[in-house]
Structure formats: C-alpha cells, structure tokens
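Number of protein chains: 2
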Amino acid sequence: MARKRFDDSNCSVARALNEVGDWWSLLIVLHAMYGTRRFVDFQQELGIAKNILCDRLARLVDNEVLKKVDVGEHGSRFEYRLTDKGRDLFPVVIALRQWGDKWNPAPDEQPLDLRDRTSGQPIGPVQVRDAQGQPLSVRDVFIPEESLPGNKKRPA
Amino acid sequence: MARKRFDDSNCSVARALNEVGDWWSLLIVLHAMYGTRRFVDFQQELGIAKNILCDRLARLVDNEVLKKVDVGEHGSRFEYRLTDKGRDLFPVVIALRQWGDKWNPAPDEQPLDLRDRTSGQPIGPVQVRDAQGQPLSVRDVFIPEESLPGNKKRPA
DNA sequence: TCAATTTGGTTTCTTAACGCAACCCTATTC
DNA sequence: GAATAGGGTTGCGTTAAGAAACCAAATTGA
C-alpha cells in the first residue's frame, strides 16, 4: 500500500486512525468487546488470514489497545484482552455500529440490541452533547479560530 | 491491496467500515465537517495524492456520504458537501477525536476545543448511555444471545 | 489575444500491503 | 506415537496506495 503514516500528524483523528484505522483493527476490537479473546476465535469469526491477524494483534498490543496474556491452559495459551485504552473505543465502535444500522441496514439483521445490564433496557443513540447533555449536530457547534487545522475561518 | 470486501457482511460495523473505513475517508469527512468543500483544499489540507482523493471523493459520493455540487463560480466549479448521512458521522468522528486526544495526545496540540454555538461552552465527552442518559461502559452492557455474531455465549 | 493560472482529473510507474496456502513448533489428547 | 489444536512464520501472486507527470476547460490578466 505504501501507506502514508500519520504518527507525527498534529491531528489526533489522524493519529487515532493510524492505530485503529485499518480495515481489521476496529473489527478485532469489536469482537473483543463481544467477548472474543483467542487467536483461533478471531480468525474464524472474522475470516481473516492468519498472518494478517498476527500482524494486527501485534500492532494493537504495541499500541496498548489489547494486552497479550499467557494463560497456561491446555493448548490455548494466549488471550488477547482489551486494555482500558481499548475499552475506551466503546463509543467509537457503537457510534459506527449505529451509523451502519441506520444508513446501511441489512435486510436480515436486527439493528443492534445492546442492553443495559442492570435495567435490561436498550441503550440510546451515541450523540455529541453539550455541557447540559443536550444533543448537538455538526451545525450546532463551532471551533475557535486557533484550533482549526490550517487555521481556516469557516465554521464547523 | 486485494482487500476483502464487506459489502455483504451481516455485520453493520463491517459494512460501515467498507464505506468509511479506509485511511482517508474519515479524514475527508472530518475536514468536510470543519468546512472544507473544494478539491484543492482537501488536497492541501490532507496532503493526499490527487488520484487517491479523486477516488475517495467519488466513493464517498457513491455511498451518499458526500454530494457533489456544481457551483459555476469563477474557476472553482465543484463543491463536495456532506449529506445527512455524512453529517450523521459526527458522533463517530468526535468519539475518535476524543479517544485520540485522551490516549495519544500531541504535546503541542490542544485537545479539541469544540463548542456549543449557542452557549459557547465546550462539548462533553461522547458516551454510550442507557435509556436514562447514564454513561455505560462495555461491562455495563450485554447482547442478547441471538444478536451475537456467531452465536457466542459470552457477555459483552 | 495569447500566455499563465486555477480547478479537477487521468495516466504511468513503483512500492508495499493484503490474502492464500503451506509449513512449523509445542502441547495435548487418544 | 499419531492425530489434533493453538499460535505463528514464510513465500508468493495480486492489487491498491502514492508520487509525479500530464491533460483539458475556464479564468485571469497584461
């Protein structure tokens, strides 16, 4: 791919994408959130080539999104578990899931039934909110001049 | 890349990543949210090769994340504007931004100063919330059996 | 009026990432 | 002691990313 690296970008979105912005990494994190921990399970659920999975897991471990734990049990020796940093991707993944459900619904798939463990009720939509908790759209928001990349003058 | 396509995946995250899951697309959407609309501006701000930008813009237009508008003005003939679908990526982009700010802060960058246009106050963190608006972590949540990919039994 | 510029885009070519398949090593299990 | 499972690594062909050059229409501008 000769892909451009963003390690040194001054945009944190670019740097975030550098860590989890490829096709597989977020899916791996998603499945980790669903409870998958073992190499073979990731491989079977995702249908990913083993070398690619190796590479992605290693990268995610390097970036401290996952940690590799040696569990000395009968044959299954390693587990890949989410770190706090990885768990913090929860809103990202869920927002993406909800976006996909809304705009590209699969005919045979239920939209996303994620429920609050204590109440059993479905979760609400992930939204950007103001300090009072009211939902905000792109248009309700602005970026102070100096924070704009390239110092543009336009509103957000 | 010989990339595996996810068009037909029964996972909406996979399908979402198919549309905006490459290195550039989300950055283009981000800059579009910042107000960028013209080809050359995207190119300069992102430092992206023109052919790749062409391809990504066309793909985003195909997927109805952007729309291409012919503005017959002096030399700048087209604008790429967010559709409702594109604007709906707002929580995704902001969640990613906040994650990047939190876990990979740039030494010389302020974390993200996005403010509510009416109050002028900074926005809050993007979170997954329950029906009552209380924040939820991965561990506060479960997925009913039948919704699990691969029908696994583990909690989320 | 003719050259230079701007905008948006295509072509060519190199390089690097992806995906498959085969192989490898260590523990188990039968 | 053969077969199996977990977790990789190696090679190799395919294909996409990226840089740079080229292109064409419309403007500017001198």
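If you're matching them up, the sequences are chains V and G in order. When the letters of the first sequence are read in order and numbered with my numbering, they come out as residues -1 to 154. When the letters of the second sequence are read in order and numbered with my numbering, they come out as residues -1 to 154. Note that beta-carbon positions come from the ideal geometry of N, C-alpha and C, so glycine has one too.
Which residues in the same chain as Glu62(G) place their Cβ atom closer than 7 angstroms to its Cβ, once the five residues preceding and following it in sequence are excluded?
Non-local beta-carbon contacts of Glu62(G) in its own chain, meaning distances under 7 angstroms to residues more than five positions away in sequence, involve Thr81, Lys83 in chain order.
According to the neighbour-count rule (16 or more other Cβ atoms, all chains shown, within 10 Å of its Cβ), is Arg75(V) buried or exposed?
Of the residues assessed, Arg75(V) falls on the exposed side of the cut-off, its CB having fewer than 16 other CB atoms within 10 angstroms.
If distances are taken between C-alpha atoms only, which option among Arg115(G), Leu64(G), Asp138(G), Arg113(G) comes closest to Ser117(V)?
The shortest Cα separation from Ser117(V) among Arg115(G), Leu64(G), Asp138(G), Arg113(G) belongs to Asp138(G).
So, for Arg85(V): in the same chain, excluding its five sequence neighbours on each side, which residues have a beta-carbon less than 7 angstroms away from its beta-carbon?
Taken in chain order, the list of residues that qualify is empty.
Jot down the residue ranges of each uninterrupted beta strand (DSSP E) in the region 32 to 116 of chain G, minimum 3 residues, whole runs only, in chain order.
Taking only runs of at least 3 residues, the beta strand (DSSP E) segments lying wholly in the region 32 to 116 of chain G are 64 to 68, 76 to 80.
Residues sharing a beta bridge with Pro120(V), DSSP
When beta bridges are read from the DSSP output, Pro120(V) appears opposite Arg113(V).
Rounded to whole angstroms, what is the Cα-Cα separation between Pro142(V) and Cys52(V)?
Distance between Pro142(V) and Cys52(V), taken at the CA atoms: about 42 angstroms.
First and last residue of the uninterrupted alpha helix (DSSP H) at Arg13(V):
Per DSSP, Arg13(V) belongs to the alpha helix (DSSP H) from 10 to 18.
Span separating the alpha-carbon of Pro120(G) from that of Arg127(V):
Counting only the Cα atoms, Arg127(V) lies some 9 angstroms from Pro120(G).
Would you please verify whether the beta carbon of Ile50(G) is less than 7 angstroms from any beta carbon of chain V?
Not closer than 7 angstroms to any Cβ of chain V, the Cβ of Ile50(G) fails to qualify, so no.
Taking beta-carbon pairs under 7 angstroms, can you tell me which members of the region 74 to 97 of chain V lie near chain G?
So the close ones are Lys83, Arg85, Asp86, Leu87, Phe88, Pro89, Val90, Val91, Ile92, Ala93, Leu94, Arg95, Trp97.
Near-chain V residues of the region 126 to 144 of chain G (beta-carbon distance less than 7 angstroms), N- to C-terminal order
Residues are counted here when their Cβ sits less than 7 angstroms from a Cβ of chain V; for the region 126 to 144 of chain G these are Val126, Arg127, Asp128, Ala129, Gly131, Leu134, Ser135, Val136, Asp138, Val139, Phe140, Ile141, Pro142, given in chain order.
In chain G, which residues lie less than 7 angstroms from Lys65(V) when you measure between Cβ atoms?
Residues of chain G passing the Cβ test: none, with the nearest at roughly 14 angstroms.
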